[in-house]
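Visitor: Please find one structure pasted underneath; my questions will follow.
This is the structure we're talking about:
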């Protein structure tokens with residue numbers, strides 16, 4: 834290989850690394866959601882920032898397992914402002930599907946959490 838071809842290849846490889854470095858997000862927004870026990874007014878869920886400092890929207894499903902093995906599912910979203918670290922979102926009872934198949938709620942699990950930076 835000619836020395837000129839080697840230099841040309843190194844320049845192209847360096848340019849690729851520089852372009853790749855421009856697309857790396859060093860401050861991604863991230864969150865976790867913890868939901869409490871269901872009550873007559875629904876379920877309160879706490880959204881906790883676990884990464885980043887920008888504004889974002891967190892959306893999730895809450896699946897509640899019942900004593901008779903039935904399940905109820907509800908969905909919610911919460912907007913978090915830049916710099917905010919915690920927030921609370923109430924999920925009303927009326928927003929849960931399959932309520933008739935549930936006798937007594939036993940446990941809940943947050944599923945399909947998606948955090949979208951704004």
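Numbering (our numbering), first residue to last: 834 to 951. Using N, Cα and C, we set each Cβ at its ideal position, and we do this for glycine too. Quantities reported herein were computed from a predicted structural model and do not represent experimental measurements.
Going by the beta-carbon positions, is the gap between residue 931 and residue 898 smaller than 8 Å?
Guide: The count along the chain shown starts at 1 and reaches residue 931 at position 98. The count along the chain shown starts at 1 and reaches residue 898 at position 65. Contact flag unset, no.
Visitor: Taking residue 890 as part of the beta strand (DSSP E), name the residues at either end of that continuous run.
Guide: Position 57 of the chain shown holds residue 890. Element bounds for residue 890: 889-899.
Visitor: Can you tell me whether DSSP reads residue 909 as helix, strand or coil?
Guide: Numbered from 1 along the chain shown, position 76 holds the residue referred to as residue 909. Looking at residue 909 - three-state DSSP - the assignment turns out to be strand.
Visitor: Can you grab the Cα-Cα spacing for the pair residue 862 / residue 950, in whole Å?
Guide: Reading the chain shown from its first residue, position 29 is the one you call residue 862. Reading the chain shown from its first residue, position 117 is the one you call residue 950. Computed Cα separation, rounded: 6 Å.
Visitor: Verify whether the separation of the beta carbon atoms of residue 894 and residue 878 is less than 8 Å.
Guide: Residue numbering aside, residue 894 sits at position 61 when the chain shown is read from its first letter. Residue numbering aside, residue 878 sits at position 45 when the chain shown is read from its first letter. No, the pair does not count as a contact, with Cβ atoms beyond the cut-off.
Visitor: For the beta strand (DSSP E) containing residue 940, name the first residue and the last one.
Guide: One-based indexing of the chain shown puts residue 940 at position 107. 938-950 is the span of the beta strand (DSSP E), which, as asked, contains residue 940.
Visitor: Tell me the rounded alpha-carbon separation between residue 902 and residue 933.
Guide: Taking the chain shown and counting its residues from 1, the one referred to as residue 902 is at position 69. Taking the chain shown and counting its residues from 1, the one referred to as residue 933 is at position 100. Answer to the nearest angstrom: the Cα atoms are 12 Å apart.
Visitor: Please report the straight-line C-alpha distance between residue 900 and residue 940, rounded to a whole angstrom.
Guide: Along the chain shown, one-based indexing puts residue 900 at 67. Along the chain shown, one-based indexing puts residue 940 at 107. Their Cα atoms are separated by approximately 9 Å.
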